[in-house]
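Heads up: the structure comes next, in structure tokens.
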Amino acid sequence: MEKLPRLDTDNELKKRILPHCRLKEGEIWQDPEGLHRVGVGDAGNPDFLDRLFKGRRIGTMLNDPPYNIAVGRRPTAALSRKSADEYVEFTRRWLDASLSFLDKDAHFYLWLGADQNDGFQPLPEIMILLREYGDLRSRSFISMRNQRGYGTQQNWMSLRQELLYYVKGKPEFKVVYTDIPKILKGYYKTVGGRRQENLERSRSDCIRPGNIWVDMQQVFYRMEENVPGAYAQKPLASAERILTASPPPGNSVVADLFSHSGTTLLAAEKAQLPCCTMDIDPVYAELSIRRIERFRSTAKTGWQWENPFPEIDMESTERL
Ligand SMILES: C[S@@+](CC[C@H](N)C(=O)[O-])C[C@H]1O[C@@H](n2cnc3c(N)ncnc32)[C@H](O)[C@@H]1O
1065 MEKLPRLDTD
1075 NELKKRILPH
1085 CRLKEGEIWQ
1095 DPEGLHRVGV
1105 GDAGNPDFLD
1115 RLFKGRRIGT
1125 MLNDPPYNIA
1135 VGRRPTAALS
1145 RKSADEYVEF
1155 TRRWLDASLS
1165 FLDKDAHFYL
1175 WLGADQNDGF
1185 QPLPEIMILL
1195 REYGDLRSRS
1205 FISMRNQRGY
1215 GTQQNWMSLR
1225 QELLYYVKGK
1235 PEFKVVYTDI
1245 PKILKGYYKT
1255 VGGRRQENLE
1265 RSRSDCIRPG
1275 NIWVDMQQVF
1285 YRMEENVPGA
1295 YAQKPLASAE
1305 RILTASPPPG
1315 NSVVADLFSH
1325 SGTTLLAAEK
1335 AQLPCCTMDI
1345 DPVYAELSIR
1355 RIERFRSTAK
1365 TGWQWENPFP
1375 EIDMESTERL
């Protein structure tokens, strides 16, 4: 099992980890290799964002804010449940603070939850809120397959995970493919007088991801990319797909205001794209920095079930 339990529900453990976090509220880590910046602050604070971006424009923004849904049936401080109206206000605050940092051509991605046991909130409220932001044009509404979402009697998950894609201006979009082979045959078209089977004309033997991503696995402790302690980690493959299809144009940067386990940061590092990211909680900012440091020294994408804070002796924690 994982060496570190979920940090959001264990305040005692968090108190012991905090002295090992290099950033305090308002501070920013500058990557010694000059590529990234990681801060601890509130996504709704424009002054902090100004310091984080330090004159850089955002070309690809990939945000995954708390969903307003208790994860694993445990309400948490970081993922505390608000009313739908309060959640809209929280979202409006960080949108107002951050969208002015977008470049003239930019990609904007937003992960959102939808609670199937509660009128699918907050997804519809936030889709309607986003119509107020005239610079953003809606482009795609992507769903990630949830293997426990339908078709089981017990142990099913009432949470949906949706990805909204908007653009500002006209950023370039690059076509990407999955690893799933094309198997559907039997479609024909006559081109230049010759009857061709569709596969003859395709650029790849694999299918495109479309808007239902079936080839992504929710992260769990057996996967190398797992970050113990992080309760809301997204698959690295999802961030990599987004950055491959929508790289930041020109000199602009990747941004993620809700870093958590540092998935966007690591995907940017793998693609050698500059990334500015942050979290309100110093523990997650530290985890994000440690994640790319580990990747740089070992090529590993996470800790699987090992402890990202080896300086904390878990045995003595268990005795407390
Ligand atoms: C759903 S998680 C992000 C998961 C991330 N995409 C990953 O793959 O690890 C949301 C994160 O937002 C952080 N957060 C909550 N409120 C915030 C705020 N006002 N400003 C910045 N970060 C915040 C939480 O501490 C949490 O780590």
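Heads up, the sequence shown is in my numbering, so the first residue is 1065 and it goes up one at a time. Even for Gly, the Cβ is constructed at its ideal location relative to N, Cα and C.
Consider the C-beta atom of residue i and the heavy atoms of ligand 1; say whether any pair is separated by less than 7 Å.
i: Q1297; result: yes
i: I1344; result: yes
i: S1325; result: yes
i: P1129; result: yes
i: L1321; result: yes
i: A1107; result: yes
i: Y1348; result: yes
i: A1294; result: yes
In angstroms, rounded to a whole number, what distance separates the CA positions of residue i and residue j?
i: N1315; j: G1177; result: 32 Å
i: E1288; j: E1370; result: 10 Å
i: L1223; j: T1362; result: 34 Å
i: K1088; j: E1350; result: 10 Å
i: R1272; j: K1246; result: 9 Å
i: L1099; j: G1198; result: 31 Å
i: V1347; j: G1250; result: 54 Å
i: L1082; j: K1364; result: 24 Å
i: D1345; j: T1254; result: 59 Å
i: Y1214; j: G1119; result: 46 Å
i: C1270; j: R1360; result: 31 Å
i: A1142; j: G1233; result: Annotation note: pLDDT 48 at A1142 (below 50); position unreliable, no value reported.
i: N1275; j: D1343; result: 28 Å
Would you say residue i and residue j are within 8 Å of each other, going by their C-beta atoms?
i: H1171; j: P1235; result: yes
i: G1293; j: L1113; result: no
i: A1319; j: M1125; result: yes
i: S1162; j: F1237; result: no
i: K1193; j: T1155; result: Note that residue 1193 is Leu in the sequence shown here, rather than Lys. Yes. Within cutoff.
i: P1372; j: V1291; result: yes
i: I1206; j: L1166; result: no
Could you give the residue range of the alpha helix (DSSP H) that holds residue i?
i: W1158; result: 1148-1162
i: M1191; result: 1187-1194
i: L1263; result: 1262-1265
i: K1334; result: 1327-1334
Taking DSSP as the reference, what is the three-state secondary structure of residue i?
i: G1365; result: The sequence as given places Thr at residue 1365; Gly does not occur at that position. In the structure shown, T1365 sits in coil (DSSP, three-state: anything other than H, G, I, E or B).
i: H1084; result: helix
i: T1124; result: strand
i: T1140; result: In this predicted model, T1140 has a pLDDT of only 47, less than 50, meaning its place in the structure is not dependable; the value taken from the coordinates is given anyway. Correct three-state label for T1140: coil.
i: F1359; result: helix
i: P1372; result: coil
Assuming residue i is part of the beta strand (DSSP E), what are its boundary residues?
i: R1305; result: No beta strand (DSSP E) contains R1305, which is instead part of the alpha helix (DSSP H) from 1300-1309.
i: D1106; result: Taken as a continuous stretch (DSSP letters only), D1106 belongs to no beta strand (DSSP E), as it is neither H nor E.
i: E1226; result: 1223-1232
i: D1320; result: 1317-1320
i: S1207; result: 1201-1208
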